[in-house]
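Data first, discussion second: the structure below is written as structure tokens.
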Amino acid sequence: MLKKVLALLLSLALLVPIAALGEATPLPFGLKLGMNATDAEAAFAADATLAAVKYDKLDDGNGTVEYTFENVPVPDTDLTAYSLNVQIDQNNSPKADRLSMVSYNITPGDDSISVFRELLAAMTTELGTPDADPFNGDGTAQYVEWGTLTANWTKDDVRVSLNLSRMYEDSLSVMFSSRVNYDKTDLQAK
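If you read the sequence shown in my numbering, its first letter stands for residue 60, the second for the next number, and so on.
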């Protein structure tokens with residue numbers, strides 16, 4: 060009986076972090092935060108878009124593995140990213156290999172603001188309304204001064220950003236980065 064109770068308590072303890080996060084925010088290409096390298100490579104192979112593109116794998120030897128794909132179609136758009144990066148690192152309390160970031164970069168061409176709007180619409184459909192309207196007064200002032208537009212989505216598990224920079228040359232980037240890396244229990248006095 061004691062073994063059953065301990066097994067139940069252990070099962071509940073393992074479910075608490077999942078429940079605390081609620082439903083995971085979807086990442087592109089079937090990727091999920093927390094995947095290890097084996098899981099991520101399986102997701103690459105399972106996704107028709109990524110399976111068709113060869114990737115470079117860079118292991119820095121210090122707990123970070125980065126996968127880089129070139130010329131990848133951006134989901135739900137007619138755009139192509141010149142690079143897609145998937146990072147798995149040990150930047151977390153247990154020092155476990157976890158997917159913590161997905162980002163892609165796009166050369167927007169001659170009409171970067173239209174491309175920004177296209178990505179904003181696709182991402183709003185997927186993620187909901189951004190934290191602030193990138194075309195409000197503050198967004199417009201930022202654009203006038205710096206030539207940048209930014210939209211952010213802050214979810215329980217991930218921070219998502221869409222950035223346009225027109226300084227020197229037009230570029231667009233999208234980044235999904237984990238917001239759950241370290242355990243609160245790390246702060247408890249020992």
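Even for Gly, the Cβ is constructed at its ideal location relative to N, Cα and C. A quick note: this is a predicted structure, and the numbers were derived from the prediction, not measured.
Between residue i and residue j, which are expected to be in contact by the criterion C-beta below 8 angstroms, what is the C-beta distance as a whole number of angstroms?
i: Ala96; j: Leu90; result: Actually they are not in contact, since the Cβ atoms of Ala96 and Leu90 sit about 12 angstroms apart, beyond 8 angstroms.
i: Ile165; j: Leu231; result: 4 angstroms
i: Asp106; j: Phe88; result: 5 angstroms
Going by DSSP in three states, residue i sits in which element: helix, strand or coil?
i: Tyr202; result: helix
i: Glu177; result: helix
i: Ala171; result: A small fix is needed here, since residue 171 is Ser in this sequence, not Ala. If DSSP states are grouped into helix, strand and coil, Ser171 belongs with the helices.
Where residue i and residue j are concerned, what is the direct C-alpha to C-alpha distance, given to the nearest angstrom?
i: Thr207; j: Lys249; result: 46 angstroms
i: Lys154; j: Gly122; result: 8 angstroms
i: Thr108; j: Gln247; result: 45 angstroms
i: Pro132; j: Pro193; result: 24 angstroms
i: Ile77; j: Lys243; result: Caution applies to Ile77, whose pLDDT of 40 falls short of 50 and renders its modelled position unreliable; the model cannot decide the point.
i: Asp119; j: Thr209; result: 30 angstroms
Nearest to residue i by alpha carbon, out of the options?
i: Val219; options: Glu125, Asp229, Leu178; result: Leu178
i: Gln201; options: Arg157, Met226, Gly187; result: Met226
i: Met94; options: Glu185, Leu158, Asn144; result: Leu158
i: Glu82; options: Tyr241, Asp216, Val239; result: Asp216
i: Asn151; options: Asp229, Val131, Met160; result: Met160
How would you write the range of the beta strand (DSSP E) that residue i sits in, first residue to last?
i: Thr136; result: Unbroken run through Thr136: none, as it is neither H nor E.
Contact criterion: CB-CB distance below 8 angstroms. Does residue i meet it with respect to chain E?
i: Ala248; result: Here there is only one protein chain, and chain E is not present.
What residue range is occupied by the uninterrupted alpha helix (DSSP H) comprising residue i?
i: Phe103; result: 96 to 105
Shorter than 7 angstroms, the distance from the beta carbon of residue i to the closest heavy atom of the ligand FAD, or not?
i: Thr209; result: This structure lacks the ligand FAD; in fact it carries no ligand of any kind.
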